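Trainee: One line per chain: the protein sequences are L and E, in this order. Heads up, the first sequence is in the numbering used here, so the first residue is 456 and it goes up one at a time. Heads up, the second sequence is in the numbering used here, so the first residue is 875 and it goes up one at a time. Heads up, the beta-carbon is just placed ideally off N, CA and C, and yes, glycines get one too. A quick note: this is a predicted structure, and the numbers were derived from the prediction, not measured.
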Amino acid sequence: MVRKIYLDNAATTYVSSEVLAEMLPCFNTIYGNANSLHGYGREASAIVDRARDRIAHAIGAAKSNEIYFTSGGTEADNWAIKGIAHAYANKGKHIITSAFEHHAVLDACKQLEAEGYEVTYLPVDKYGIVSIADLIHAIRKDTTLISIMTVNNEVGTIQNIKAIAKTAHEYGIIFHTDAVQAIGAVKINVEDMEIDAMSMSSHKIYGPKGCGALYLKNGVRIENLISGGSQERGKRGGTTNVPAVAGFGKAVEIANRDLVINQQKLKAVRQYFLDKVTERISYIHVNGHPQQKVNSIVNISFEMVEGESILMLLDLAGIAVSTASACTSNSLQPSHVLRAMKVPDEIAQGSIRFSFGKNTTRSDIDYVVDELEKAINQLRSISPITKAGRR
Amino acid sequence: MYSKEIIERFKNPRNAGGLRGANGVGKVGNAACGDIMKVYLLVDDNGIIKDARFKTFGCCAAIASTDVACDLIKGKTLDEALKVTNKQVYDILGEMPQHKIHCSVLAEESIHAAVEDYYKRKDKANKKSAKVDDDED
Chain L
456 MVRKIYLDNA
466 ATTYVSSEVL
476 AEMLPCFNTI
486 YGNANSLHGY
496 GREASAIVDR
506 ARDRIAHAIG
516 AAKSNEIYFT
526 SGGTEADNWA
536 IKGIAHAYAN
546 KGKHIITSAF
556 EHHAVLDACK
566 QLEAEGYEVT
576 YLPVDKYGIV
586 SIADLIHAIR
596 KDTTLISIMT
606 VNNEVGTIQN
616 IKAIAKTAHE
626 YGIIFHTDAV
636 QAIGAVKINV
646 EDMEIDAMSM
656 SSHKIYGPKG
666 CGALYLKNGV
676 RIENLISGGS
686 QERGKRGGTT
696 NVPAVAGFGK
706 AVEIANRDLV
716 INQQKLKAVR
726 QYFLDKVTER
736 ISYIHVNGHP
746 QQKVNSIVNI
756 SFEMVEGESI
766 LMLLDLAGIA
776 VSTASACTSN
786 SLQPSHVLRA
796 MKVPDEIAQG
806 SIRFSFGKNT
816 TRSDIDYVVD
826 ELEKAINQLR
836 SISPITKAGR
846 R
Chain E
875 MYSKEIIERF
885 KNPRNAGGLR
895 GANGVGKVGN
905 AACGDIMKVY
915 LLVDDNGIIK
925 DARFKTFGCC
935 AAIASTDVAC
945 DLIKGKTLDE
955 ALKVTNKQVY
965 DILGEMPQHK
975 IHCSVLAEES
985 IHAAVEDYYK
995 RKDKANKKSA
1005 KVDDDED
């Protein structure tokens, strides 16, 4: 029997039992349409309201009606970028984001560019940090929206969100952040951090897939992305996915409740992992910021080997990790995140993201590092790149 | 997404490693694009490939493709080796994702590069009547 260890929690997580318990009655007991006027509907609607309250409370929103449920983080990003850009088109058609955002943001920006908008993609430093000076430099009279992610999904770098938001507001610009990887990892208070719009996802925090939300501060205008009903205050049509919303609300509540204890555990696991890997495997580079990062994500480049082959050897040993290298995507270029951080292509090609979960143990790490060392040695033994010949 | 053949060849390649005394060595690809294939040939005086081995930096499909390429040219004449196509590599490996087909193309190119290198060395040796340097193992 091959041991199975899941270290791809930044891709998705399992649904925790507390969350599942919250969802189950919504499938066959409280199954009304939350928009119906009758008792079944009101019962479902109450569940949705409670989930909205829980999320608003967890992120420090002033009002629950500032939370709009979506089909996930990608929809929330698309809606925020396109919806806000369109709503303020009369003021200007310039948007600022960073070069290493999630593709949900980057591709939405690309679509706006095709419509005639201009987008500035701010560079990041080698740790993945956006500079406030660069941001100020990029701001124009016609800039209407700045979107910078709170936590990067590939390397875990945490941005200086409050400073970025403050800067945006000094120039009267709306600030949006993709916080999909941040919920449960860093304390978020949208009021204190001056966030106008924020994307969230359920399945990264032990909630169900296919559910997310956009926090939109009252007063910020947005054009609808999905028309077709009066749901979500007439801003997002479609019958509310009550079981998923119920689970998402519970998941956010738990993520917030257990944030400190989970982070303490993850910090220890991360350090244990890094110490062992550094001791056992040479010619490696840990990508991301050494301090300003989340504890759940570690991104390492292994020189002289290619990432997908590491992933596959680990998979054969029952270990799930991820890579954003050329081979997993359809292009030959390595991850846009590592490129933005100026990691040389040939080193970026050998990068693996390990993302720990709240149940990851030291014994898991022991097994993973043993298998990782074997995999790297095996691949290096057949690599035409030699230690002497590497750059 | 990968066939059993690819996984098996990736896990336990039959021809991986350098080749002492190789008299034809071809290298194609580059690390920035994620693939480097190096094929080592041992060609006898009659122009028959007695042995072929490889070293590859790349994904499963790249490693498996080079492994198959070595199998396809062992025991063949140099002319026969030059006729090996990426289609043959592909057919042995079975199903592979569309964007991985370039691995089989690269494998074909690596054979060509190795054969070319053999001829180049031979040419040089004839001119100088000097001993051909062994490649690293």
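#1: Can you check whether the C-beta of E:ALA905 is within less than 8 Å of a C-beta belonging to chain L?
#2: Output, in chain order, the set of chain L residues within a Cβ distance shorter than 7 Å of E:ILE910.
#3: Fully enclosed by the region 724-767 of chain L, which alpha helix (DSSP H) runs are 4 residues long or longer?
#4: For L:LYS459, count the other beta carbons within 10 Å of its own beta carbon; 16 or more makes it buried, fewer makes it exposed. Which is it?
#5: Going along chain E, which residues have a C-beta under 8 Å from L:LEU769?
#6: Express the C-alpha separation of L:ILE820 and L:PHE728 in angstroms, rounding to a whole number.
#7: Short of 9 Å Cβ to Cβ, which residues in the region 922-937 of chain E face chain L?
#8: Starting from the N-terminal side, write out each stretch of the beta strand (DSSP E) that is 3 residues or longer and does not extend beyond the region 558-630 of chain L.
#9: Take every Cβ of the region 629-642 of chain L, pair it with every Cβ of the region 556-567 of chain L, and state whether three or more of those distances are shorter than 8 Å.
#10: I'd like to know whether the C-beta atoms of E:ILE963 and E:LEU946 end up nearer to each other than 8 Å.
#11: Between which two residues does the alpha helix (DSSP H) holding L:MET478 run?
#12: In angstroms with no decimal places, state the Cα-to-Cα distance between L:GLN718 and L:ASN750.
#13: Is E:SER939 buried or exposed, if buried means 16 or more other CB atoms sit within 10 Å of its CB?
#14: Does L:ASN533 come out as helix, strand or coil in the three-state DSSP assignment?
#15: State the Cα-Cα distance for the pair L:VAL700 and L:LYS664, rounded to the nearest angstrom.
#16: For the beta strand (DSSP E) containing L:ARG523, name the first residue and the last one.
#17: When the distance is taken between beta carbons, is L:GLY639 closer than 8 Å to L:GLY743?
#18: Taking the Cβ atom as the reference point for each residue, do E:GLY932 and E:ILE910 lie within a distance shorter than 8 Å?
#19: So the candidates are L:SER818, L:ILE628, L:ALA668, L:THR733; which of them puts its Cα closest to the Cα of L:ASN520?
#20: Using a Cβ-Cβ distance under 8 Å, would L:ASP825 count as near chain E?
#21: What is the DSSP secondary structure of L:ALA516, counted as helix, strand or coil?
#22: Evaluate E:ASN1012 with the Cβ neighbour count: other Cβ atoms within 10 Å of its Cβ, from every protein chain shown; 16 or more gives buried, anything less gives exposed.
#23: Compute the Euclidean distance between the alpha carbons of L:ARG712 and L:TYR661, then round it to the nearest angstrom.
#24: Give, in chain order, every unbroken run of the beta strand (DSSP E) that is at least 3 residues long and sits entirely within the region 658-694 of chain L.
#25: What are the start and end residues of the alpha helix (DSSP H) that includes L:ARG817?
#26: Cβ closer than 7 Å: which chain L residues qualify as neighbours of E:GLY968?
#27: Measuring alpha carbon to alpha carbon, tell me which of L:ILE739, L:LYS720, L:VAL675 ends up nearest L:LYS813.
#28: What is the residue span of the beta strand (DSSP E) that L:ARG847 lies within?
#29: Just the C-alpha distance for L:LEU769 and E:HIS976, rounded to the nearest angstrom, thanks.
#30: Under 9 Å, CB to CB, which of the residues in the region 880-891 of chain E have a partner in chain L?
#31: Could you tell me whether the Cβ atoms of L:ALA563 and L:ASP532 are closer together than 8 Å?
#32: Please state the DSSP three-state secondary structure of E:ASP965.
#33: In the DSSP assignment, what residue or residues form a beta bridge with E:PHE931?
#34: Just list the residues that DSSP pairs L:SER654 with in beta bridges.
Mentor: Based on what the coordinates show:
#1: At least one CB atom of chain L sits nearer than 8 Å to the CB of E:ALA905.
#2: PRO839, ILE840
#3: none
#4: Its Cβ having fewer than 16 others within 10 Å, L:LYS459 is exposed.
#5: Per Cβ cutoff of 8 Å: no residues; L:LEU769 is ~12 Å from chain E at best.
#6: 6 Å
#7: PHE928, LYS929, THR930, PHE931, GLY932, CYS933, CYS934, ALA935, ALA936, ILE937
#8: 573-577, 598-602
#9: Touching, yes, given that three or more Cβ pairs across the two stretches are closer than 8 Å.
#10: Note that residue 963 of chain E is Val in the sequence shown here, rather than Ile. It is a contact, given that the beta carbons lie within the stated cut-off.
#11: Looking at the DSSP string, the run of the alpha helix (DSSP H) that includes L:MET478 is 472-478.
#12: 7 Å
#13: Looking at its Cβ environment, which holds 16 or more other Cβ atoms inside 10 Å, E:SER939 is buried.
#14: helix
#15: The straight-line gap from Cα to Cα measures roughly 10 Å.
#16: The displayed chain sequence assigns Tyr, not Arg, to residue 523 of chain L. Where L:TYR523 is concerned, the enclosing beta strand (DSSP E) stretches over 522-525.
#17: no
#18: yes
#19: Of the candidates L:SER818, L:ILE628, L:ALA668, L:THR733, the one whose C-alpha sits nearest the C-alpha of L:ASN520 is L:ALA668.
#20: no
#21: coil
#22: Residue 1012 of chain E is absent from the structure shown; chain E starts at 875 and stops at 1011.
#23: Their backbone Cα atoms lie some 13 Å apart in a straight line.
#24: 667-671
#25: It spans 817-836 - the alpha helix (DSSP H) in which L:ARG817 sits, taken as one unbroken run.
#26: Going along chain L, no residue has its Cβ under 7 Å from E:GLY968, so there is no contact; the nearest lies around 16 Å.
#27: L:LYS720
#28: Since the first residue of chain L shown is 456 and the last is 846, residue 847 of chain L is not available in this structure.
#29: 24 Å
#30: Flagged, chain order: ILE881, PHE884, LYS885, PRO887, ALA890, GLY891.
#31: Yes; because the gap between Cβ atoms is below 8 Å, this pair is in contact.
#32: helix
#33: Partner residues in the beta bridge of E:PHE931, as assigned by DSSP, are E:ILE910.
#34: L:ASP633, L:LEU669
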